[in-house]
Amino acid sequence: MDPQKVNGLDYFLPTKIDDVLWLVNDAVAKSEIICVRGAAHSFPLINTLEKGSTGRRPYKYVMLSNLYGIKFLENDLVKVDAGCHLGPDPWDPLGVSNKENSLLFQLNNKGLALPDLGGITHQTIGGFLSTASSGGSTKFSFEDALMSVDIVTCEGGVATLKTFSRPADGNEDDPFYGAAIATMGLFGVIVSATFKCVPKFYITGDEATTYEADCEINLFGNDITGKDAKPSLETFFKTTDYTRLMWWPQEGVHKMVVWKASQATELQANAWAKNAYEKRGEEPKLLKPYEEVPYVFNSPALATMGADFLFTAIGRWPD
Ligand SMILES: Cc1cc2nc3c(=O)[nH]c(=O)nc-3n(C[C@H](O)[C@H](O)[C@H](O)COP(=O)(O)OP(=O)(O)OC[C@H]3O[C@@H](n4cnc5c(N)ncnc54)[C@H](O)[C@@H]3O)c2cc1C
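All letters in the sequence shown, in the order written, are residues 177 to 495 by our numbering.
Here's what the structure looks like:
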């Protein structure tokens, strides 16, 4: 199998599981360390690995861009190859990823969904599972839907395809939980995973920025009952489908951003939207697709680049 240049590096791009088995055996024979790249969103990790090995064992770079197939099994089960992206990845160096071959688009077309995702959808299935960074809520998580994972492991120096399935009795000591949910990429190369999907749903919710004292949550105390009832932070987390809090504790700021949302049907979501516009004294409107940034010339590209620049600058401050 010959590598191809990606970002100036030699990357192996397997097209089938047998290729992955071959690559692992080849790496063993040459005493190489395999570095699998997903969407490289866990920066600076991947960029650091791409600078080359710092030890005696060289790296073998592997990217599963060509393993992005999806197979719908019975009912709501879907088996997806590890190189498949959740949504389109605009920075895919090979340009393979697009909306149509993304997992979420294809699930949506079947009226299906996953219970929870991260804040972005560029990630690959393999990368997302390896880092367990989906940021679930106390009610829903991406991993809830995971039924099994197929990993090319290397035990006794020989590449082997192993499937770890969720135990029916939920026994937490079952190897599934270690191998599928907390591997951190250490067990081998994830080649595919099977998910039990949920029916497609909408979310409704709001975001409010207030002073800590005016926050809808009693941030630092217990539940408050009565006229000025407020849930404690624990109660709020336990009763809210999806939430994200941002606390600005600095002197002179003391503000809290509370983002919260709940699952809804299309009908409920449209009624909610209509009501929300009316409350603001605006003409009632129905739902519109989620836009993370304002669209300039009908495209999110300019605002995304601006946000990217800003966050990169903050991330690298003060260097
Ligand atoms: C600054 C920053 C912001 C982030 N923001 C968000 C966010 O808003 N929402 C969110 O959900 N997550 C976020 N993340 C987390 C990021 O999305 C996760 O790390 C995600 O897993 C990356 O997926 P990927 O496909 O890009 O994997 P990569 O970044 O390419 O790889 C991640 C790790 O998994 C390994 N790996 C990749 N594929 C496989 C495979 N098939 N088998 C075995 N190992 C594999 C890689 O070697 C690497 O160690 C953020 C991370 C950073 C650094």
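For each residue, glycine too, the CB sits at the ideal point set by N, CA and C. Because the structure is a prediction, the values reported are computed rather than measured.
- In the assembly as shown, GLU454 is an exposed residue. Its beta-carbon has fewer than 16 other beta-carbons within 10 Å.
- DSSP lists VAL256, VAL325 as the beta-bridge partner residues of ALA369.
- Residue selection by CB proximity (closer than 6 Å to any heavy atom of ligand 1) returns CYS211, VAL212, ARG213, GLY214, ALA215, ALA216, HIS217, SER218, PHE219, LEU221, ILE222, LEU240, ALA258, GLY294, GLY295, ILE296, GLN299, THR300, GLY302, GLY303, PHE304, SER306, THR307, SER309, SER310, GLY311, GLY361, VAL365, ILE366 in chain order.
- Runs of the alpha helix (DSSP H) lying entirely within the segment 290-344 and spanning at least 4 residues, in chain order: 301-307.
- Excluding five sequence positions before and after ARG420, the CB atoms of its chain that fall closer than 6 Å to its own CB belong to TRP435, given in chain order.
- Secondary structure note for ASP484: its alpha helix (DSSP H) is the uninterrupted segment 477-492.
- As the crow flies, the alpha-carbon of TYR466 is around 34 Å from that of GLY397.
- Each residue's CA atom was taken as its position, placing SER273 and ARG213 some 14 Å apart.
- Check the Cα spacing between LYS247 and each of GLY231, THR370, LEU199, GLY354: the tightest is with THR370.
- Pairing ALA445 with THR386 gives a Cβ-Cβ distance that is not under 7 Å.
- In this structure, ILE366 sits near ILE327, with a CB-CB distance shorter than 7 Å.
- TYR453 sits in a helix when the DSSP states are folded into three classes.
- If you look at GLU410, you'll find it in the alpha helix (DSSP H) that goes 409-415.
- ASP484 has its alpha-carbon roughly 18 Å from the corresponding atom of PHE473.
- If you ignore the 5 residues before and after SER324, its C-beta comes within less than 8 Å of the C-beta of THR339, PHE340, SER341, ARG342, PHE352, ALA356, ALA369, THR370, all in its own chain and listed in chain order.
- Annotation for ILE209: the continuous beta strand (DSSP E) segment containing it runs 209-213.
- Cα atoms of LEU305 and MET360: separation of roughly 8 Å, rounded to the nearest angstrom.
- LEU283 and LYS315 have their C-alpha atoms spaced approximately 21 Å apart.
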